[in-house]
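Asker: Each residue of the sequence shown is one higher than the one before, starting from 1 at the first, in UniProt numbering. Ideal placement from N, C-alpha and C gives every residue a C-beta, glycine not left out.
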Amino acid sequence: PLEISFDASNSYDPDGDIISYAWDFKDGNTGSGEILNHTFSSIGSYKVELTVTDDKGAAASATKTIIAKKSHN
């Protein structure tokens, strides 16, 4: 398993306030919050999506690919 910390604190809204952070880890799990940890249970490539919603109901999403691989200790 690989635990990763996700941080959306650099997200901003030029005309409002962000009121929710919704994460989709594309492994059957979701989460919420500006900062959270998630554990991927198997090696692979995951397209993690963050959707932020502001106080006016507008939403925007961003996707990043995370590659979970075996450590070379």
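Taking only three categories from DSSP, how would you classify residue 47?
Answerer: Locating residue 47 in the sequence shown gives position 47, where the first residue counts as 1. Here residue 47 sits in strand by DSSP.
Asker: Over what stretch of residues does the beta strand (DSSP E) that includes residue 38 continue unbroken?
Answerer: Numbered from its first residue, the sequence shown carries residue 38 at position 38. Where residue 38 is concerned, the enclosing beta strand (DSSP E) stretches over 35 to 40.
Asker: Could you check if residue 46 is buried or exposed, using at least 16 other CB atoms within 10 Å of its CB as the buried criterion?
Answerer: Taking the sequence shown and counting its residues from 1, the one referred to as residue 46 is at position 46. Residue 46 should be labelled buried.
Asker: Check whether the region 35 to 42 and the region 54 to 62 are in contact - that is, three or more C-beta pairs closer than 8 Å.
Answerer: Too few Cβ pairs lie closer than 8 Å, so no.
Asker: Terminal residues of the continuous beta strand (DSSP E) containing residue 64?
Answerer: As a first step, residue 64 is located in the sequence shown; it is residue number 64 there, counting from the start. 59 to 68 is the extent of the beta strand (DSSP E) around residue 64.
Asker: Nearest to residue 63 by alpha carbon, out of 14, 22 and 3?
Answerer: One-based indexing of the sequence shown puts residue 63 at position 63. When only C-alpha atoms are compared, the closest one is 22.
Asker: What residues are listed by DSSP as bridge partners for residue 21?
Answerer: Indexing the sequence shown from 1 puts residue 21 at position 21. Partner(s): 52.
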